[in-house]
Each structure stands twice: as C-alpha cells, then as structure tokens.
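Undergrad: Mapping of the sequence shown onto our numbering: position 105 corresponds to residue 110, and the numbering continues sequentially without gaps.
After the structure tokens below, expect a handful of questions from me.
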Amino acid sequence: MIAVLALALTFAAADQESINAARDLYASAAYEDALAMLNRVPDASRPPDEARAVSQYRAFCLLALGRNAEAERAIETMITRDPTYQPPAGDMSPRVRSAFVEVRRRIMPGIIQQTYAQAKSAYDRKEFEIAAAGFGHVLEVMSDPELAALFGQPPLADLRTLAGGFRDLSVSAATPPPLPVAPPAPAAAPVAPAVVQPPRIYNSTDAGVTPPQVIRQELPGYVGPMLMAKQGAIEVTIDETGSVVLARVRQSVAVQYDAQALKAAQNWKYIPATVDGKPVKFRKLVQVTVKPK
C-alpha cells in the first residue's frame, strides 16, 4: 500500500509539473508545445482543480492557434461540468473572454432548464433537500452579471421566479417537525403528587382576553435581488412581562432572511395580554411582507 501511495504521489507531482510547464509555454506564446504537453496529462489522474486548469489552458491554446471550433467544444465541456465556473480575469485577453461569454450564452439556457427539471422532479418525489439544492443552483447560475440580459427575458426570467418559489417551499418542507414530548414517568408512590399545570397560552380566538400591544416590533431589511413582493409569517409567544420567549417561522420568505427575522423577533417588546386585568401568555402571528426596493 505504501508503494502504491508513493507511486500515485509521484504521478500527481509529475502531472502538476506538466501543467505548470504548459502554463509557462502558453505565456511565452509556444501554443503548440503547450497544447501537446497538456494532451499528455492523463484525465484519470487529475483532481478537479487541476482538471479545470488543464481544460482552461487547452482552450486558451486552441483559441490562440485559430482552432476555434475545438476551443468552443473544450469551453462547452468545462461549463457543462461546472456552470458557475469563471476563469480568472487576469488569465484572459478580451478575445478569450468573449469566447467564454458566447459559449455560456449559447448553452446556458439548456443547462438551466435541465437543472430546474431535475430539481422539480426531486420536489415531486418529496426529496425536498435535493430539490432545495437544485433550485438554489439554478438561482446561483442565473446571478451571472455578464448574462443578465439573457436571464432577464422570458422564459428564463419566469423560470428564475419559479425556482425561487420552489426553493423556499423545499426548504420549508425539509425542516424537520418538532420532536415529540415524552410522557411523564409514572410516580412510584401510591399517591401521585399534584400536577402543576403550566400557564395557559392564549391566542386571538380566546374570549375575554385583551391582546398584547406593540411596543417594539421591527423587521430587518431584505438584502439581495427581488422581482416581486414576498409574504411570510412569524409566530411569537409573549410572556406575562411582554417579552418574546419563543419565535418560529410559520411561512418562509427566504432562508437567509428567515434567520435574520427570527433573531430580530427575540428583541420585540409588547404590553402583555391580559385576562380580567391579569397579564397572561399569548401566542401571536405576525405577518411579514417584503417588497422590492
């Protein structure tokens, strides 16, 4: 095993040296030599980062040699493997960057539609965690500013709206339900002690209760792009002092925003609800509406 590991490390080091040498040849405009060296690095031996470097410089060399069709196929393979990949700006001339942008503009609609379809199938199968990741990947790919004009028109603009909605639904559905409360252990003594009932928690449907009055109930601003208003809801339990002792999301706005809203809810303050003039606990549903700026 040690011998096999040493041999593998030796091959990996040799591959890295070949990649570095090819990069130097490309920098010195020896495109044919660089391309020949890259073609000798075996695919099976490369980790993902090195594989991307080999594919990137292979495309660079092909473009420099005027073999545009082969270069576009190489770029297409790279983008299909990782639709979010962007080569470093310092490594590309305007002509090379233009080639990458054109290939992305040509193949990205198909990639996005395929990824959305796979995520929707996972959602229909109730595999909500997989679906949430897929819809999130669609939204990440569509955040590319170089293709904003392409993504801002139907049908891709509509697809982005659908992906955002299904992503939020998937995240909400994937949230595990609260753990069941274990029943109390039976008393060993023949006479059970008196059971102390927890304070009753009132809500807006109870008769004779005066609801709490808001003293402080601010929500954080929404950070990020938004095409349309979003609705959500947070349920809070307010104790006899008017402080929030429990807050949870009843309807999600967005995963990141939900976490910020729950944190803010911990600092909300109220005049407590009362029954016959005495403060009581109260469960309140707060509607959340986030609108585009």
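Using N, Cα and C, we set each Cβ at its ideal position, and we do this for glycine too.
Can you look up Ser248 in the DSSP assignment and give me helix, strand or coil?
TA: Looking at Ser248 - three-state DSSP - the assignment turns out to be strand.
Undergrad: With DSSP as the reference, please indicate the residues paired to Glu240 in a beta bridge.
TA: Partner(s): Arg253 and Leu290.
Undergrad: Taking just the CA atoms, how far does Ala252 sit from Pro114?
TA: Near 41 Å, if we compare the C-alpha coordinates of Ala252 and Pro114.
Undergrad: From Glu223 to Glu134, what does the alpha carbon distance come to, in whole angstroms?
TA: Rounded to the nearest angstrom, the two C-alpha atoms are 31 Å apart.
Undergrad: For Arg165, which residues from the same chain have a beta carbon less than 8 Å from its beta carbon, with the 5 sequence-adjacent residues on both sides left out?
TA: Excluding sequence neighbours, Arg165 sits near Val143, Leu144, Met147, Phe156 and Leu232.
Undergrad: On the three-state DSSP scale, how would you describe Arg63?
TA: Correct three-state label for Arg63: helix.
Undergrad: With a threshold of 6 Å on Cβ separation, who are the neighbours of Asp244 within its own chain once the five nearest residues in sequence on each side are excluded?
TA: The answer, listed in chain order, is Val250 and Lys286.
Undergrad: From Asp129 to Pro53, what distance separates their C-alpha atoms?
TA: Going by the C-alpha atoms only, they are around 32 Å apart.
Undergrad: Check this for me: beta carbons of Ala104 and Tyr62, under 8 Å apart or not?
TA: Not a contact, by the Cβ cut-off of 8 Å.
Undergrad: What is the rounded straight-line gap between the Cα of Leu30 and the Cα of Gln91?
TA: The straight-line gap from Cα to Cα measures roughly 22 Å.
Undergrad: Just the Cα atoms here: how many angstroms apart are Leu174 and Arg288?
TA: Straight-line Cα distance between these residues: approximately 24 Å.
Undergrad: Let me check one thing: in DSSP terms, what residues is Thr215 bridge-paired to?
TA: Note: Thr215 sits in a beta bridge opposite Thr279.
Undergrad: When DSSP labels each residue in this structure, what does Tyr207 get in the three-state scheme?
TA: Tyr207: strand per DSSP, three-state reduction.
Undergrad: Within 10 angstroms of its Cβ, does Arg22 collect 16 or more other Cβ (buried), or is it exposed?
TA: Before going on, a small fix: residue 22 reads as Glu here, not Arg. Exposed, by the Cβ-count rule.
Undergrad: Assign Leu290 to buried or exposed, taking buried as 16 or more other Cβ atoms, counted over all protein chains shown, within 10 Å of its Cβ.
TA: By the 10 Å Cβ count, Leu290 comes out exposed.
Undergrad: So what's Val46 in DSSP terms, helix, strand or just coil?
TA: If DSSP states are grouped into helix, strand and coil, Val46 belongs with coil.
Undergrad: Helix, strand or coil: which one does DSSP assign to Pro53?
TA: Here Pro53 sits in helix by DSSP.
Undergrad: By DSSP, does Lys274 sit in helix, in strand, or in coil?
TA: If DSSP states are grouped into helix, strand and coil, Lys274 belongs with the strands.
Undergrad: For Lys235, list the residues DSSP reports as bridge partners.
TA: Answer is Val295.
Undergrad: Which residue marks the beginning of the alpha helix (DSSP H) containing Tyr128, and which one marks its end?
TA: Where Tyr128 is concerned, the enclosing alpha helix (DSSP H) stretches over Pro99 to Asp129.
Undergrad: Look at the Cβ atom of Asn207, then the Cβ atom of Val295, and state whether they are nearer than 8 Å.
TA: The sequence as given places Tyr at residue 207; Asn does not occur at that position. Contact flag unset, no.
Undergrad: Between which residues of its own chain and Lys125 is the CB-CB distance below 6 Å, once the five residues before and five after are set aside?
TA: Contacts found: none.
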